[in-house]
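Undergrad: Going by the working numbering, the first residue of the sequence shown is number 201, and it counts up by one from there. First the structure, then my questions, so here it is.
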Amino acid sequence: MRKIYIIFSLILFTFASCKKEEPIYDVNQIQSTSYNANKDKLKSPAQYISILYANLFQQALSANELVEITRCIESIGDKEVAHEIILSNFMNKSGVTLPSDSLMRSDLNGFIEETYKRFYVRDITEAEREFFLNFFESHPDLTVEMVYYAFSLSNEYQFY
Numbered sequence: 201m202r203k204i205y206i207i208f209s210l211i212l213f214t215f216a217s218c219k220k221e222e223p224i225y226d227v228n229q230i231q232s233t234s235y236n237a238n239k240d241k242l243k244s245p246a247q248y249i250s251i252l253y254a255n256l257f258q259q260a261l262s263a264n265e266l267v268e269i270t271r272c273i274e275s276i277g278d279k280e281v282a283h284e285i286i287l288s289n290f291m292n293k294s295g296v297t298l299p300s301d302s303l304m305r306s307d308l309n310g311f312i313e314e315t316y317k318r319f320y321v322r323d324i325t326e327a328e329r330e331f332f333l334n335f336f337e338s339h340p341d342l343t344v345e346m347v348y349y350a351f352s353l354s355n356e357y358q359f360y
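Spelled out as structure tokens, the structure:
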């Protein structure tokens, strides 16, 4: 009986001591924040107009025009409508600096990167890049003006 007890104890200790070792994964810790996490202050009408004008014309807006357009925005109740009207007026003025549609189509990746830096003052994420490349491929009639219009009216562009 004692032999059985010893053999049973050895078998029990053998199985109890044999454990499958869990793999250790070396994962680099990174700080993950939203692409626009630091943009939490709404631009004032004067800031929006000044920055929009500089993005479209690549030069500063005169003080007189800035005051006149700011008064126009403040007189309209719906700010989104006011921004659309001002953007439309800017796009119809001569001197707007837009790349050609053929240049945009020849280097979509470069165009998207430049547009993000120009309007959002940040680098594009890979998910955004993939989305836009697919979007441009599926919409052959999309123009530079439409893209700039969309970026200028986006929520992210309203904040700094």
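The C-beta atom is built at its ideal place from N, Cα and C for all residues, glycine as well.
#1: Residue range of the alpha helix (DSSP H) that residue 227 falls in?
#2: Under three-state DSSP, which class holds residue 242?
#3: By the DSSP assignment, the alpha helix (DSSP H) with residue 344 in it spans what residues?
#4: Please report the straight-line C-alpha distance between residue 273 and residue 247, rounded to a whole angstrom.
#5: Quick one: residues in its chain with C-beta nearer than 7 Å to the C-beta of residue 250, no 5 flanking neighbours on either side, listed in chain order?
#6: How far does the alpha helix (DSSP H) with residue 357 in it reach, from first residue to last?
#7: Using the rule of at least 16 other Cβ atoms within 10 Å of the residue's Cβ for burial, across every protein chain shown, is residue 256 buried or exposed?
#8: Short check: CB of residue 359 to CB of residue 279, under 8 Å?
#9: Which class does residue 261 belong to by DSSP, given the choice of helix, strand or coil?
#10: Assuming residue 287 and residue 349 are in contact, meaning their beta carbons sit under 8 Å apart, how far apart are those beta carbons, in whole angstroms?
#11: Quick check on residue 293: does DSSP put it in helix, strand or coil?
#12: What is the C-beta distance between residue 299 and residue 290, in whole angstroms, given that I count them as a contact (C-beta under 8 Å)?
TA: According to the structure shown:
#1: Taken as a continuous stretch (DSSP letters only), residue 227 belongs to no alpha helix (DSSP H), as it is neither H nor E.
#2: Reduced to three states, the DSSP call for residue 242 is strand.
#3: 344-353
#4: 12 Å
#5: Contacts found: 261, 266.
#6: Here residue 357 belongs to no alpha helix (DSSP H), and DSSP marks it neither H nor E.
#7: buried
#8: With contacts defined by Cβ atoms closer than 8 Å, residue 359 and residue 279 do not form a contacting pair.
#9: coil
#10: 6 Å between Cβ atoms; contact.
#11: Reduced to three states, the DSSP call for residue 293 is coil.
#12: Between residue 299 and residue 290, the beta carbon gap of about 16 Å keeps them out of contact (Cβ cut-off 8 Å).
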